[in-house]
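Reading through the C-alpha coordinates given below for one structure.
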Amino acid sequence: MTPPAPAPYAIGVDTGATTLREADHLLRALAAELDLPEDVFGCTHLVRDGRPRVALSLAAEDEPVLRAARDRLTGQGYEVGDGAPDEAGRAVLFPGAGALTGTLTLAEVLARSAIDRVTVLGTPDEPSPDTLLVTREHVRPQWRDGRLVLAAMPAVGGVLVPFEDPDPTPCCADH
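In our numbering, the protein residues as written are 344 to 518.
Following this line, the structure appears as C-alpha coordinates:
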(Lines of atoms letter the chains of each structure in order from A; the text may use other names.)
(Lines give C-alpha, C1' and ligand atoms only; values in the text may rest on other atoms or scores of the structure.)
Protein backbone atom coordinates (compact mmCIF):
# COMPACT_ATOMS: atom_id res chain seq x y z
CA MET A 344 0.00 0.00 0.00
CA THR A 345 1.37 3.41 -0.85
CA PRO A 346 1.35 5.44 2.31
CA PRO A 347 -0.96 8.41 2.14
CA ALA A 348 -0.02 11.91 3.09
CA PRO A 349 -1.71 12.97 6.30
CA ALA A 350 -5.41 13.32 5.62
CA PRO A 351 -6.48 16.89 4.83
CA TYR A 352 -9.38 16.98 7.30
CA ALA A 353 -8.88 16.37 11.01
CA ILE A 354 -10.66 16.94 14.28
CA GLY A 355 -9.32 16.77 17.81
CA VAL A 356 -11.40 15.23 20.59
CA ASP A 357 -10.78 15.93 24.26
CA THR A 358 -12.33 13.01 26.10
CA GLY A 359 -10.61 13.39 29.45
CA ALA A 360 -8.89 9.99 29.06
CA THR A 361 -5.87 9.73 31.33
CA THR A 362 -4.05 6.65 29.97
CA LEU A 363 -3.10 5.39 26.53
CA ARG A 364 -4.97 2.14 27.18
CA GLU A 365 -8.15 4.05 28.07
CA ALA A 366 -7.76 6.29 25.00
CA ASP A 367 -7.15 3.28 22.71
CA HIS A 368 -10.33 1.55 23.93
CA LEU A 369 -12.35 4.74 23.63
CA LEU A 370 -11.03 5.45 20.12
CA ARG A 371 -11.95 1.94 18.94
CA ALA A 372 -15.39 2.17 20.55
CA LEU A 373 -16.08 5.57 18.99
CA ALA A 374 -14.91 4.36 15.56
CA ALA A 375 -17.29 1.39 15.77
CA GLU A 376 -20.17 3.51 17.09
CA LEU A 377 -19.64 6.15 14.40
CA ASP A 378 -19.19 3.44 11.74
CA LEU A 379 -16.05 5.15 10.44
CA PRO A 380 -14.60 3.88 7.16
CA GLU A 381 -11.34 1.92 7.28
CA ASP A 382 -9.38 4.73 5.65
CA VAL A 383 -9.85 7.05 8.65
CA PHE A 384 -6.83 7.65 10.86
CA GLY A 385 -7.46 7.65 14.61
CA CYS A 386 -4.62 8.81 16.84
CA THR A 387 -3.85 9.49 20.47
CA HIS A 388 -1.98 12.61 21.60
CA LEU A 389 -0.43 13.30 24.99
CA VAL A 390 -1.60 16.66 26.33
CA ARG A 391 0.75 18.17 28.86
CA ASP A 392 -0.93 21.30 30.09
CA GLY A 393 -2.22 21.93 33.60
CA ARG A 394 -4.41 18.82 33.26
CA PRO A 395 -2.36 15.96 31.72
CA ARG A 396 -4.49 13.65 29.59
CA VAL A 397 -4.68 11.80 26.29
CA ALA A 398 -6.64 13.49 23.50
CA LEU A 399 -7.82 11.83 20.30
CA SER A 400 -7.81 12.86 16.68
CA LEU A 401 -9.66 11.59 13.65
CA ALA A 402 -8.41 12.39 10.16
CA ALA A 403 -9.98 11.57 6.80
CA GLU A 404 -9.85 12.44 3.13
CA ASP A 405 -13.55 13.33 3.13
CA GLU A 406 -14.83 16.26 5.17
CA PRO A 407 -18.42 14.92 5.41
CA VAL A 408 -17.16 11.86 7.33
CA LEU A 409 -15.60 14.07 9.98
CA ARG A 410 -18.48 16.54 10.00
CA ALA A 411 -20.85 13.72 10.93
CA ALA A 412 -18.39 12.44 13.55
CA ARG A 413 -18.00 15.96 15.00
CA ASP A 414 -21.77 16.38 15.28
CA ARG A 415 -22.27 13.07 17.07
CA LEU A 416 -19.27 13.52 19.40
CA THR A 417 -20.31 17.06 20.30
CA GLY A 418 -23.81 15.76 20.96
CA GLN A 419 -22.32 13.23 23.39
CA GLY A 420 -20.64 16.01 25.33
CA TYR A 421 -17.09 15.73 24.03
CA GLU A 422 -15.03 18.84 23.36
CA VAL A 423 -14.25 18.74 19.63
CA GLY A 424 -12.03 21.17 17.73
CA ASP A 425 -10.56 21.62 14.27
CA GLY A 426 -7.29 19.81 13.55
CA ALA A 427 -5.24 17.34 15.56
CA PRO A 428 -3.76 18.43 18.90
CA ASP A 429 -0.26 18.04 17.42
CA GLU A 430 1.54 16.53 14.42
CA ALA A 431 3.02 13.54 16.25
CA GLY A 432 -0.04 11.40 16.84
CA ARG A 433 0.23 7.75 17.81
CA ALA A 434 -1.91 5.85 15.31
CA VAL A 435 -4.38 3.31 16.66
CA LEU A 436 -6.66 3.28 13.62
CA PHE A 437 -5.10 3.48 10.17
CA PRO A 438 -5.60 1.82 6.80
CA GLY A 439 -4.44 -1.79 7.00
CA ALA A 440 -4.15 -1.90 10.81
CA GLY A 441 -6.44 -4.93 10.98
CA ALA A 442 -4.14 -6.89 8.65
CA LEU A 443 -1.15 -6.57 10.99
CA THR A 444 -1.53 -9.72 13.05
CA GLY A 445 0.79 -12.58 13.82
CA THR A 446 4.28 -12.64 12.37
CA LEU A 447 4.92 -10.73 9.15
CA THR A 448 7.92 -9.63 7.15
CA LEU A 449 8.56 -5.91 7.15
CA ALA A 450 7.81 -5.93 3.43
CA GLU A 451 4.35 -7.33 4.26
CA VAL A 452 3.80 -4.71 6.97
CA LEU A 453 4.57 -1.92 4.52
CA ALA A 454 2.53 -3.47 1.70
CA ARG A 455 -0.55 -4.19 3.85
CA SER A 456 -0.81 -0.94 5.75
CA ALA A 457 -0.36 2.82 5.70
CA ILE A 458 2.91 2.47 7.60
CA ASP A 459 5.59 4.21 5.59
CA ARG A 460 8.71 3.09 7.42
CA VAL A 461 9.98 0.79 10.19
CA THR A 462 12.91 1.85 12.36
CA VAL A 463 14.83 -0.25 14.85
CA LEU A 464 15.80 1.28 18.17
CA GLY A 465 19.54 1.55 18.65
CA THR A 466 20.49 1.27 15.00
CA PRO A 467 20.69 3.90 12.27
CA ASP A 468 20.32 1.31 9.49
CA GLU A 469 17.09 0.42 7.74
CA PRO A 470 16.07 -3.16 8.55
CA SER A 471 15.92 -5.68 5.75
CA PRO A 472 12.47 -6.10 4.14
CA ASP A 473 12.58 -9.84 4.95
CA THR A 474 13.05 -9.24 8.69
CA LEU A 475 10.21 -10.75 10.71
CA LEU A 476 8.01 -8.63 12.96
CA VAL A 477 5.99 -10.36 15.69
CA THR A 478 3.10 -7.90 15.94
CA ARG A 479 1.64 -9.08 19.27
CA GLU A 480 -1.57 -7.69 17.71
CA HIS A 481 -0.51 -4.24 18.98
CA VAL A 482 1.03 -2.03 16.29
CA ARG A 483 1.13 1.69 17.14
CA PRO A 484 3.12 3.72 14.60
CA GLN A 485 3.59 7.46 15.07
CA TRP A 486 3.49 10.39 12.69
CA ARG A 487 6.96 11.83 12.13
CA ASP A 488 7.49 14.57 9.57
CA GLY A 489 4.28 13.60 7.79
CA ARG A 490 5.19 9.90 7.59
CA LEU A 491 3.74 7.01 9.59
CA VAL A 492 6.71 5.32 11.27
CA LEU A 493 6.72 2.17 13.38
CA ALA A 494 9.46 1.92 16.00
CA ALA A 495 10.51 -1.68 16.60
CA MET A 496 13.10 -3.39 18.78
CA PRO A 497 15.03 -6.64 18.56
CA ALA A 498 13.57 -9.68 20.32
CA VAL A 499 14.67 -13.23 21.03
CA GLY A 500 15.14 -15.33 17.90
CA GLY A 501 16.35 -12.53 15.64
CA VAL A 502 12.88 -11.06 15.11
CA LEU A 503 11.53 -7.60 15.81
CA VAL A 504 8.58 -6.55 17.95
CA PRO A 505 6.85 -3.18 18.06
CA PHE A 506 8.48 -0.95 20.66
CA GLU A 507 5.21 -0.36 22.50
CA ASP A 508 4.30 -3.32 24.71
CA PRO A 509 0.61 -4.25 24.62
CA ASP A 510 0.66 -5.15 28.35
CA PRO A 511 3.17 -2.89 30.06
CA THR A 512 4.02 -3.49 33.71
CA PRO A 513 2.80 -0.56 35.77
CA CYS A 514 5.52 1.39 37.52
CA CYS A 515 6.33 -0.04 40.93
CA ALA A 516 4.03 -3.04 40.34
CA ASP A 517 6.04 -5.20 42.73
CA HIS A 518 6.08 -2.69 45.61
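Note that beta-carbon positions come from the ideal geometry of N, C-alpha and C, so glycine has one too.
Residue closest to residue i, alpha-carbon to alpha-carbon, out of the options
{"i": "Y421", "options": "D488, A398, L453", "result": "A398"}
{"i": "T446", "options": "R490, G501, L464", "result": "G501"}
{"i": "D473", "options": "D382, T361, E451", "result": "E451"}
{"i": "P407", "options": "D429, R394, A431, L379", "result": "L379"}
{"i": "A412", "options": "E365, V356, A440", "result": "V356"}
{"i": "E376", "options": "P351, R410, R415", "result": "R415"}
Integer Cβ distance of residue i from residue j, believed to fall under 8 Å
{"i": "A360", "j": "R396", "result": "6 Å"}
{"i": "A353", "j": "G426", "result": "5 Å"}
{"i": "L370", "j": "V423", "result": "With a Cβ gap of about 14 Å, L370 and V423 do not count as contacting."}
Contacts around residue i, its chain only, beta-carbon distance under 8 Å, and the 5 residues preceding and following it disregarded
{"i": "T444", "result": "T478, E480"}
{"i": "H388", "result": "G355, V397, A398, L399, S400, A427, P428, D429, A431, G432, R433"}
{"i": "L503", "result": "L449, V461, V463, P470, T474, L475, L476, V477, A495, M496, P497"}
7 Å CB neighbourhood of residue i in its chain, flanking five on each side removed
{"i": "R460", "result": "R490, V492"}
6 Å Cβ shell around residue i - same chain, five flanking residues per side excluded
{"i": "R313", "result": "This structure cannot settle anything about residue 313, because the visible part of the chain is limited to 344 through 518."}
- Query: Can you give, in chain order, each stretch of the alpha helix (DSSP H) that sits fully within the segment 430–507 and has at least 4 residues?
  - Reply: The segment 430–507 contains, as complete alpha helix (DSSP H) runs of 4+ residues, the segments 449–455 (chain order).
- Are the segment 382–391 and the segment 401–412 in contact at 8 Å, needing three or more beta carbon pairs? Enough Cβ pairs lie closer than 8 Å, so yes.
- Task: Any chance you could list the beta strand (DSSP E) runs of at least 3 consecutive residues sitting entirely within the segment 351–382, in chain order?
- Result: Every beta strand (DSSP E) stretch that sits fully inside the segment 351–382 and reaches 3 residues is listed by chain position as 352–357.
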